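S.K.:
4 protein chains.
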Amino acid sequence: MFFHQRFVPGLAIYSYMIGDPKSKEAVVIDPTRDVEDFLRLARSEGYRITHIMETHVHADFVSGSAELKARTGATVHVSGLGGPEWTPPYADRVLRDRDDLLLGNLRLEAIHTPGHTLEHLTWAVYDQPRSREVPALLLTGDFLFVGDVGRPDLLGAEMQKILAHQLYKSVFSVLPAFPDFTEVYPGHGAGSLCGKALGARPSTTLGYERRFSPALRQKPEAEWIADLLAGMPIAPAYFSRMKQVNARGPRIIGPELPGQRPLSASDLYHRRCENCLILDVRPKEAFAAAAIPGSINIPLGANLPTWAGWVLPYDRPIILVINQPADLPEVVTHLLRVGLDDIQGYLDGGIDAWETAGYPLERVQTLSVHELDQQLQRGSPPFVLDVRTEAEWQAGHIPGAIHIHGGLLQQRLQQVPKDRPVAVVCGSGYRASIATSYLKSVGYSSVSNVLGGMAAWKAAGLPLATD
Amino acid sequence: MFFHQRFVPGLAIYSYMIGDPKSKEAVVIDPTRDVEDFLRLARSEGYRITHIMETHVHADFVSGSAELKARTGATVHVSGLGGPEWTPPYADRVLRDRDDLLLGNLRLEAIHTPGHTLEHLTWAVYDQPRSREVPALLLTGDFLFVGDVGRPDLLGAEMQKILAHQLYKSVFSVLPAFPDFTEVYPGHGAGSLCGKALGARPSTTLGYERRFSPALRQKPEAEWIADLLAGMPIAPAYFSRMKQVNARGPRIIGPELPGQRPLSASDLYHRRCENCLILDVRPKEAFAAAAIPGSINIPLGANLPTWAGWVLPYDRPIILVINQPADLPEVVTHLLRVGLDDIQGYLDGGIDAWETAGYPLERVQTLSVHELDQQLQRGSPPFVLDVRTEAEWQAGHIPGAIHIHGGLLQQRLQQVPKDRPVAVVCGSGYRASIATSYLKSVGYSSVSNVLGGMAAWKAAGLPLATD
Amino acid sequence: MFFHQRFVPGLAIYSYMIGDPKSKEAVVIDPTRDVEDFLRLARSEGYRITHIMETHVHADFVSGSAELKARTGATVHVSGLGGPEWTPPYADRVLRDRDDLLLGNLRLEAIHTPGHTLEHLTWAVYDQPRSREVPALLLTGDFLFVGDVGRPDLLGAEMQKILAHQLYKSVFSVLPAFPDFTEVYPGHGAGSLCGKALGARPSTTLGYERRFSPALRQKPEAEWIADLLAGMPIAPAYFSRMKQVNARGPRIIGPELPGQRPLSASDLYHRRCENCLILDVRPKEAFAAAAIPGSINIPLGANLPTWAGWVLPYDRPIILVINQPADLPEVVTHLLRVGLDDIQGYLDGGIDAWETAGYPLERVQTLSVHELDQQLQRGSPPFVLDVRTEAEWQAGHIPGAIHIHGGLLQQRLQQVPKDRPVAVVCGSGYRASIATSYLKSVGYSSVSNVLGGMAAWKAAGLPLATD
Amino acid sequence: MFFHQRFVPGLAIYSYMIGDPKSKEAVVIDPTRDVEDFLRLARSEGYRITHIMETHVHADFVSGSAELKARTGATVHVSGLGGPEWTPPYADRVLRDRDDLLLGNLRLEAIHTPGHTLEHLTWAVYDQPRSREVPALLLTGDFLFVGDVGRPDLLGAEMQKILAHQLYKSVFSVLPAFPDFTEVYPGHGAGSLCGKALGARPSTTLGYERRFSPALRQKPEAEWIADLLAGMPIAPAYFSRMKQVNARGPRIIGPELPGQRPLSASDLYHRRCENCLILDVRPKEAFAAAAIPGSINIPLGANLPTWAGWVLPYDRPIILVINQPADLPEVVTHLLRVGLDDIQGYLDGGIDAWETAGYPLERVQTLSVHELDQQLQRGSPPFVLDVRTEAEWQAGHIPGAIHIHGGLLQQRLQQVPKDRPVAVVCGSGYRASIATSYLKSVGYSSVSNVLGGMAAWKAAGLPLATD
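Protein chains in written order, with the numbering used here: chain V, 15 to 481; chain Y, 15 to 481; chain P, 15 to 481; chain L, 15 to 481.
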């Protein structure tokens with residue numbers, strides 16, 4: 015059996031391609047929208063992608079199943095156990111518990127494991143020449159992770175009760191049917207917000223998890239649920255939107271990426287695209303020194319899609335400011351993965367073109383931690399805004415700082431004074447750059463980014479407070 | 015923990031890179047000589063390769079540890095338990111049972127598991143934040159495979175006794191210390207000749223193997239050994255040579271591949287390189303229709319290195335005939351992996367250059383299975399030579415055929431008559447092409463390749479015999 | 015001024031991209047249908063393709079102007095001087111003599127130079143900061159080549175009279191307006207059939223051509239025309255078709271190549287695509303040893319499109335047999351360039367899949383020149399068919415051979431006896447392989463390809479005849 | 015004849031590969047040190063590089079002839095007419111005037127055309143089947159450019175007299191032997207400092223230049239020389255060094271680039287490489303917002319090598335700060351081209367690693383032109399330093415600014431006050447960033463970069479002065 019695990023950093027998504035060496039047919043499980051990787055892999059390994067399977071309706075990325083179907087003609091197999099509301103229209107086959115799929119010598123069996131979502135399936139893969147009774151591995155999607163289980167709180171408070179109960183049953187009534195030695199391949203790795211504390215290993219076994227995962231330790235249901243929900247990180251605002259997009263079926267992109275149109279500095283200056291949002295993906299330092307007024311900075315990197323989902327509006331077309339045209343495919347792929355499809359183009363000639371046109375520039379002050387420390391010891395210190403997560407904040411912060419999670423800044427803006435300099439700090443300066451650009455765009459005039467963030471603060475031995 | 019499994023098809027080698035996300039240090043386990051893959055991976059993932067580990071002295075490929083050390087400065091860690099004879103000179107640290115290595119949060123512990131070789135180590139990898147007592151996974155090298163164990167018979171009959179006994183002990187005394195749920199990552203996959211019947215899945219667990227692997231079923235030692243050795247495929251002649259090369263330390267290649275020199279048809283015709291062997295890697299059909307007299311055909315593909323190891327002499331420089339210069343790096347990499355380093359160059363302009371120079375051509379007759387069937391029903395049928403493995407032969411063959419394993423043809427040549435047409439058959443025509451080219455090169459004048467081989471014979475419903 | 019000349023080997027097409035460094039606007043002249051090269055170049059050099067220009071309606075390849083327009087939004091500028099019949103519908107601007115186009119500091123002026131076609135334009139490019147009166151260079155399309163002029167005989171005997179007269183006037187009345195030192199960039203290079211004897215240099219000057227090109231030597235019109243037409247090679251049958259396709263406007267391909275569908279050997283054997291033609295692009299030797307009955311062999315290489323235009327029917331869908339899937343894009347691009355758009359897919363698993371299925375095989379005998387020589391000296395020699403051009407034939411051929419240009423074989427088939435072995439010879443064996451495959455496909459049973467062709471025959475010192 | 019012109023942007027170097035299609039031998043003319051391009055081209059086109067020719071001892075880049083010889087075994091052909099001092103030791107053949115080289119049908123003849131240097135050769139290329147008397151083209155090196163001639167003033171005032179006289183003779187006594195229609199392929203294009211005003215077209219003809227190039231207009235020698243030298247831009251300091259390197263023969267690099275070693279932030283902070291210079295190639299904005307104290311900024315781009323030659327010392331090892339490891343090969347290639355070979359490595363993790371380690375940061379203030387304008391109208395305006403060329407300065411500058419060519423800043427540092435804020439302006443901000451980083455590194459505390467530079471100043475309609 016051919017087995018390939020593919021990782022998308024940042025969103026920390028695992029997708030899979032499993033093939034039968036005899037028939038040369040392959041199934042792809044939980045693809046993202048940028049399906050070229052799988053098309054290329056199938057070509058190079060000599061497989062035909064004939065089936066596409068989903069474990070559940072994803073909340074953190076747009077499903078690539080419809081896209082891959084359009085490119086290959088493969089059939090899509092999804093759970094029907096969440097009802098019509100959660101059954102994507104592009105499905106060719108709607109499955110119930112224990113339905114299966116044959117691929118040469120392989121059998122893939124759908125096991126209903128609700129909890130993260132109502133319809134969630136775990137796929138048990140049987141390597142039939144070795145055993146027809148015991149699966150070789152489980153594709154557990156967002157039900158069971160390395161070191162964790164999928165969170166049941168993404169569909170709102172009401173659903174949370176139902177889902178948490180289902181999750182408890184899936185963990186303690188469904189999973190026990192499978193032996194300790196079963197391999198487990200999850201839908202996410204470390205960094206994903208679909209769980210609380212995912213481990214970095216790409217796979218695990220049921221026995222290892224039973225022994226070492228707090229989430230699999232048997233307890234009374236109420237206690238287990240309380241422990242699970244304690245300290246759960248907040249979910250990005252875009253998650254509920256993603257679920258809708260996936261349940262309704264996303265737009266097909268096709269082989270050509272959008273956003274390839276170069277737009278002149280003059281076009282941008284005169285806002286030819288009136289309602290457009292300017293997304294600047296240059297490094298935080300470059301943005302700090304010179305930016306187009308009103309633009310939002312999310313530096314290019316694995317975390318771009320998550321933060322784009324947190325802070326960008328879904329109803330405004332996007333224009334990109336990038337370092338070089340070669341960056342375009344990567345940026346656009348990141349945005350498409352979280353459903354930000356309306357990308358109008360990019361600033362031709364980059365920020366240089368804007369600068370040499372003599373248009374106005376915006377700046378964010380940069381501070382080293384030593385400079386911030388000095389400012390804090392002077393008469394009128396800045397307002398220190400810490401935009402990290404709750405857990406990071408609790409592990410230690412700058413004395414006197416105020417904590418607002420970066421993803422909630424738009425909602426809690428009234429807590430940030432406009433008449434004082436604001437120094438934004440995060441772990442390293444990345445999230446702070448997003449926050450400073452946002453504050454600038456809504457009229458804060460004196461905003462600074464503490465470069466190196468709390469990592470630098472700690473490395474420099476500066477004082478920490480814990481609440 | 016960063017975990018990457020890399021597969022080399024044909025030789026069916028698994029190598030690994032494991033990294034500690036904090037320190038960004040990585041260890042590479044059992045690399046092949048073409049180390050660019052790991053250099054590129056480390057670069058793209060932001061890791062520094064600081065350590066190289068071996069499980070044992072390999073028999074089927076040249077170790078890339080010395081090469082990788084030369085390119086990275088990493089230290090090499092090998093077993094010293096086979097004595098000085100089996101301790102490569104390029105090692106920086108020579109290990110005993112239970113020695114270990116720390117890489118940030120990871121601990122890698124050397125477990126002595128002799129049997130395939132005297133010095134063989136299994137590496138137990140501890141993901142210490144989750145458990146300091148139980149390893150997350152075992153890198154079992156050629157000790158334990160998916161569905162099989164490593165063969166103890168590669169070092170000759172005398173050593174076989176010792177090794178088989180040790181293997182029994184490793185399986186039934188060492189391995190039981192690890193729980194069922196331990197993940198197992200072996201050194202080879204399906205197709206490798208380092209075991210009898212390796213499975214195609216890239217990993218497994220101890221429990222799955224204990225339950226479904228015949229090799230792990232408890233029996234009295236003598237019986238277990240007899241079962242293990244029964245039906246063991248013969249090992250390629252080059253295996254013993256590889257062991258010597260690895261034990262002594264191979265030559266460093268450096269970043270530039272050898273063999274890049276174009277040689278004219280006239281150079282080849284006049285044998286400017288007197289002792290050179292001409293290796294033609296074009297498809298079997300192309301070779302059959304027109305070849306340089308005396309050349310050996312091993313068509314480019316994953317099995318090229320194994321067959322090169324079987325049939326090519328190690329003391330003659332090689333000149334290549336390839337379809338196009340773009341194939342050169344792949345061919346040369348294949349040869350380097352099995353220690354065929356002395357590659358002089360390639361025929362400039364390909365076979366066209368030879369043809370248009372008006373030099374003599376050699377041909378192998380091609381036969382469809384229908385044509386062979388007709389010939390066999392006529393008065394003077396050809397001598398049908400089946401060059402497959404013993405197991406394939408026993409599963410059914412052409413009535414009246416004679417069986418000589420392709421790798422043993424040079425030794426058993428006297429069994430093949432020179433005064434009759436010889437029709438060579440294998441599984442599909444690949445091995446038959448190697449054999450026909452060899453027969454031609456030693457003076458057999460009427461040789462044919464049965465295209466499609468036994469696959470075609472069976473598909474066409476022609477009669478089968480079993481002994 | 016940015017200046018890039020792009021060469022397509024085989025069809026020997028020169029296309030151009032010229033850019034204005036200030037405005038970063040670029041014009042592309044005479045693109046082929048595979049426009050990715052220009053899109054990539056524009057991206058990497060920072061230009062926007064804003065204009066597309068044609069010199070004339072091409073006969074030897076499908077114009078890529080419509081394709082490039084669809085991908086860039088650029089405007090297309092063509093000659094209207096051939097009347098509506100020769101004005102492509104995708105044109106945005108239809109030009110008359112001396113119309114021009116401004117691109118920043120550049121001026122491009124359309125000069126009517128009929129002769130190869132009625133509407134033919136030469137583009138004079140003025141580097142205006144240096145001179146507004148004298149062009150820096152001429153883009154002469156198929157009017158003026160290095161060492162030759164474009165042929166006036168492609169539109170039939172009647173038009174030939176008109177065009178030859180116009181060509182004489184273009185050469186001796188229009189061209190003299192430009193000084194000796196004008197650079198000349200033509201639309202084709204050596205190997206193109208749009209002229210008689212094109213030189214291999216990529217550019218020239220008017221003065222060099224006036225001094226050394228036989229076609230520019232002043233003579234009485236009748237004599238000049240007679241000399242020009244003497245020894246003109248025959249034009250491929252597909253030329254007239256291409257003109258129609260270009261004049262009507264070709265289909266838009268888009269970014270994804272057709273023909274990517276793998277088809278099983280069983281699909282082909284059972285002719286699921288009833289009317290399909292199987293095109294085998296493997297090397298001539300591979301085809302000779304084993305082929306699907308009825309398939310046509312045009313080995314992959316620069317000359318594939320020309321020969322595909324010569325010998326393939328335009329009304330049958332095509333299925334490909336290729337060495338490896340990686341060859342697919344190149345093969346498909348070749349076919350698209352000459353308008354063979356209906357490509358259904360390719361044989362999955364290559365010829366191996368056909369062979370191992372046990373399906374019947376077809377073979378072409380291969381002969382070295384020495385073997386042919388021996389056969390000719392025996393009692394019943396084969397019928398030797400020479401498929402080279404008239405000029406090659408006249409320069410020397412095998413005594414007793416019969417000459418039929420490979421492109422005319424279908425028309426003159428009755429000249430080839432069916433009851434004798436036929437040995438086909440060309441320059442090296444390439445064209446002979448096409449011819450042998452054709453003969454096989456129409457029922458000739460004993461056909462052989464003389465490998466190395468006349469090059470080998472001469473190199474071996476075998477006897478030559480001249481008529 | 016195969017003809018390929020290769021352009022290196024920034025240094026604006028043209029190198030050439032010319033091949034004979036029959037013998038498949040090729041000559042490369044004036045290669046740079048990064049010879050992979052030519053190796054790849056030769057491979058893909060099926061040529062063997064058998065000869066390497068130089069036009070002269072280059073001043074602006076390190077010759078790649080020795081490197082290419084080491085990789086191919088080709089012979090190197092150089093002029094001996096400058097005497098032993100100017101004859102590189104790696105030459106295989108030392109030529110005199112009218113010596114020639116045969117390459118199949120091509121003849122390449124060395125024409126002594128001194129003036130730019132003593133030994134300078136122009137190579138006349140004869141396409142012998144067309145004409146044995148008149149060359150098809152001239153490779154004019156740094157003797158004759160599009161729109162200009164090579165400068166005679168690079169070897170010091172004394173040599174300038176001799177060279178200027180020789181140049182006059184080469185132009186008016188040697189060149190007239192060749193007809194107007196001769197094509198001219200020069201050694202440099204627009205942007206090179208080896209001439210005064212090179213045109214952007216990649217080639218020209220003698221006639222076009224005779225008619226439109228001021229440098230070819232016949233005048234009395236003294237007047238011609240005076241005009242030629244008037245307004246000559248100053249030559250970079252590194253030119254004289256390059257000449258020495260080339261005359262003595264540069265070090266061979268081999269296929270692996272130096273500088274691949276990642277160095278930790280801690281290594282840099284503790285200056286483990288004591289004498290090292292830190293070269294930061296990030297965009298000017300990124301550098302402005304956060305930099306390692308003492309580092310020099312030359313943003314990655316085509317002009318990096320010229321400015322590296324201007325401002326970097328040749329006796330200090332270099333450590334790089336780059337945006338991403340993928341930039342490394344480009345940066346290193348740029349440095350090698352101008353002989354900066356001692357590259358120790360790069361900052362692992364980029365500037366982020368420095369920032370999160372809590373190390374001190376340096377900043378350059380950025381100003382828009384509007385902000386500078388406001389500052390100039392206030393009480394204590396900054397010292398405005400204009401670092402452009404003389405010609406740019408004279409075409410208009412900011413009233414009250416002081417002009418020091420960026421390449422001369424180190425020598426004229428005493429003209430820049432340390433006790434006032436310094437605002438540096440150039441054309442767009444690129445050169446200003448280099449200058450500000452230098453000023454910072456030598457202790458100027460208040461330095462700002464006027465982003466957009468004079469382009470922005472003019473676009474914004476701000477007042478201009480001319481002296």
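C-beta: ideal position from N, C-alpha, C; glycine also.
The model shown is predicted, which means the values in this text are computed figures rather than measured ones.
Within the 7 Å Cβ cut-off, does residue 347/Y reach chain V?
M.R.: It does not; no Cβ of chain V falls within 7 Å.
S.K.: Under the rule that 16 or more other beta-carbon atoms within 10 Å means buried, what is residue 319/L, buried or exposed?
M.R.: When all chains shown are included, residue 319/L counts as buried.
S.K.: With 7 Å set as the bound, which would you pick, yes or no: does the beta-carbon of residue 270/P sit closer than that to a beta-carbon of chain V?
M.R.: By this cut-off, residue 270/P is an interface position.
S.K.: At the 7 Å Cβ level, is residue 474/Y part of the contact set with chain P, yes or no?
M.R.: Closer than 7 Å: yes.
S.K.: If you draw a straight line from the C-alpha of residue 435/L to the C-alpha of residue 322/V, how long is it?
M.R.: In a straight line, the C-alpha of residue 435/L is about 39 Å away from that of residue 322/V.
S.K.: Taking the beta carbon of residue 404/Y as the centre, do at least 16 other beta carbons fall within 10 Å, making it buried, or is it exposed?
M.R.: Residue 404/Y should be labelled exposed.
S.K.: Would residue 449/L be called buried (16 or more neighbouring beta carbons within 10 Å of its own) or exposed?
M.R.: Buried, since its Cβ has 16 or more Cβ neighbours within 10 Å.
S.K.: Between the segment 60-76 of chain P and the segment 249-268 of chain P, can you find at least three pairs of beta-carbon atoms closer than 8 Å?
M.R.: Yes, the segment 249-268 of chain P is in contact with the segment 60-76 of chain P.
S.K.: Compare the C-beta of residue 15/L against all C-beta atoms of chain P and say whether one is closer than 7 Å.
M.R.: Yes - at least one Cβ of chain P is within 7 Å of the one on residue 15/L.
S.K.: Name the chain V residues whose beta carbon is nearer than 7 Å to that of residue 330/P?
M.R.: What residue 330/P touches in chain V: nothing, since even the nearest Cβ is about 23 Å away.
S.K.: Compute the distance between the beta-carbons of residue 166/L and residue 129/L, then report whether it is under 7 Å.
M.R.: Yes, Cβ-Cβ distance for residue 166/L and residue 129/L is below 7 Å.
S.K.: For residue 460/P, go through chain Y and note every residue whose CB falls closer than 9 Å to its CB, in chain order.
M.R.: Near residue 460/P there are no residues of chain Y at all, since even the closest Cβ is about 15 Å away, more than 9 Å.
S.K.: Suppose only complete runs of 4+ residues qualify. What are the alpha helix (DSSP H) ranges in the segment 354-431 of chain V, listed by chain order?
M.R.: If we require 4 residues or more, the alpha helix (DSSP H) runs fully inside the segment 354-431 of chain V come out as 364-370, 383-391 and 404-408.
S.K.: In angstroms with no decimal places, state the Cα-to-Cα distance between residue 293/V and residue 359/V.
M.R.: One C-alpha to the other measures close to 11 Å.
S.K.: Consult DSSP for residue 232/Y and reduce its assignment to one of helix, strand or coil.
M.R.: Reduced to three states, the DSSP call for residue 232/Y is coil.
S.K.: Could you list which residues in chain P have their beta carbon closer than 7 Å to that of residue 222/L, in chain order?
M.R.: By Cβ distance, chain P contributes 150 and 195.
S.K.: Report the partner residues of residue 155/P according to the DSSP bridge assignment.
M.R.: Note: residue 155/P sits in a beta bridge opposite 200/P.
S.K.: Is the CB-CB distance between residue 11/Y and residue 133/Y below 7 Å?
M.R.: Here chain Y covers residues 15 to 481 and nothing more, so residue 11/Y does not appear.
S.K.: Starting from residue 7/V and walking both ways along the alpha helix (DSSP H), at which residues does that stretch end?
M.R.: Only positions 15 to 481 of chain V appear in the structure, and residue 7/V is not among them; the question remains open.
S.K.: Determine the DSSP secondary structure at residue 274/V, reduced to helix, strand or coil.
M.R.: Coil at residue 274/V, not helix or strand.
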